[in-house]
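Chains as they are written, first to last, in my numbering: chain A, 51 to 164; chain B, 12 to 119.
Here's the structure, in structure tokens; my notes come after.
Take a look at the structure:
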């Protein structure tokens with residue numbers, strides 16, 4: 051029973067480098083989302099998707115790209131990493147039955163940008 | 012814009028006590044409210060989900076209430092245990108809007 055799987059768990063990048071944070075879920079959930087968690091700021095929504103081929107911006111989308119080619123996967127791309135993107139990133143998924151189903155979270159990716 | 016506030020930011024109580032965590036929100040037009048638990052260095056675990064048509068949900072020693080008219084939810088923890096020590100977050104709707112959490116420490 052894997053649930054939501056995020057890889058890698060830890061990553062250190064240099065400013066300007068690019069990378070992709072991976073997120074996969076095996077629950078056939080339509081809805082997937084990415085959050086970042088920063089001290090004193092709580093969790094903030096970056097991007098979300100309500101199904102394959104559909105994505106939309108959240109509260110803090112700048113500097114991040116997403117795509118949703120399959121139901122299972124929702125990768126988050128940093129095209130040119132900046133120190134301000136140092137954070138813990140969480141991926142979540144839920145059934146599309148809005149209001150009735152809880153969100154399931156991965157264990158997070160801890161990202162440091164030097 | 013919906014805002015979610017959790018008070019207190021931190022709480023320490025002796026083992027065995029009952030306690031209440033608070034969550035308030037500014038827009039009563041919500042679909043659901045979830046309470047999560049987060050252990051240090053870990054992800055979030057959903058504890059309880061209250062749909063907008065419900066007033067409360069219970070799971071074991073946990074009871075969550077929802078009063079949309081006043082924009083408030085409470086999480087009641089009965090007979091607290093050291094294992095309950097964690098950060099508790101409330102969140103609204105499917106594009107989850109989070110409060111900043113209450114860090115709970117149960118003293119043995």
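By construction, the Cβ of each residue, glycine as well, lies at the ideal position given by its N, Cα and C atoms.
Item, Value
"Test item: CB-CB of residue 62(A) and residue 162(A) under 8 Å", "yes"
"Cβ-based contacts, 7 Å cut-off: residues of the stretch 42 to 53 of chain B near chain A", "42, 43, 45, 53"
"Top-ranked residue by Cα proximity to residue 154(A), from 111(A), 129(A), 68(A), 81(A)", "81(A)"
"Meets three-Cβ-pair contact criterion under 8 Å: the stretch 17 to 28 of chain B and the stretch 38 to 50 of chain B", "no"
"Against chain B: residues of the stretch 67 to 81 of chain A by CB proximity under 7 Å", "81"
"Cβ shell of residue 88(A) (< 7 Å), same chain only, five flanking positions each side left out", "137"
"Short CB-CB distance (under 8 Å) between residue 57(B) and chain A", "yes"
"Neighbourhood of residue 108(B) by C-beta, 7 Å cutoff - its chain only, sequence neighbours within 5 removed", "13, 15, 102"
"Residues within the stretch 74 to 91 of chain B neighbouring chain A, beta-carbon criterion of under 7 Å", "none"
"Limits of the beta strand (DSSP E) - the one that residue 18(B) falls within", "15 to 18"
"Beta-carbon proximity check, residue 118(B) vs residue 95(B), cutoff 8 Å", "no"
"Proximal residues, the stretch 95 to 119 of chain B versus chain A, C-beta separation under 9 Å", "100, 102, 104, 105, 106, 107, 108, 109, 110, 111, 112"
"Continuous beta strand (DSSP E) stretch holding residue 25(B): start and end", "21 to 25"
"Residue burial classification, residue 129(A) (beta-carbon count within 10 angstroms, cutoff 16)", "exposed"
"Top-ranked residue by Cα proximity to residue 95(A), from 108(A), 104(A), 156(A), 103(A)", "108(A)"
"Minimum Cβ-Cβ distance from residue 95(A) to chain B less than 8 Å", "yes"
"Cβ of residue 92(A) within 8 Å of any chain B Cβ", "yes"
"Contact with chain A by residue 22(B), beta-carbon distance below 8 Å", "no"
"Buried versus exposed call for residue 78(A) [16 or more other C-beta atoms within 10 Å across all chains shown]", "exposed"
"Minimum length 3: unbroken beta strand (DSSP E) runs contained in the stretch 65 to 114 of chain A", "69 to 75, 81 to 88, 92 to 101, 104 to 107"
"Proximal residues to residue 58(B) (C-beta, below 7 Å), its chain only, five neighbours per side dropped", "46, 47, 48, 70, 73"
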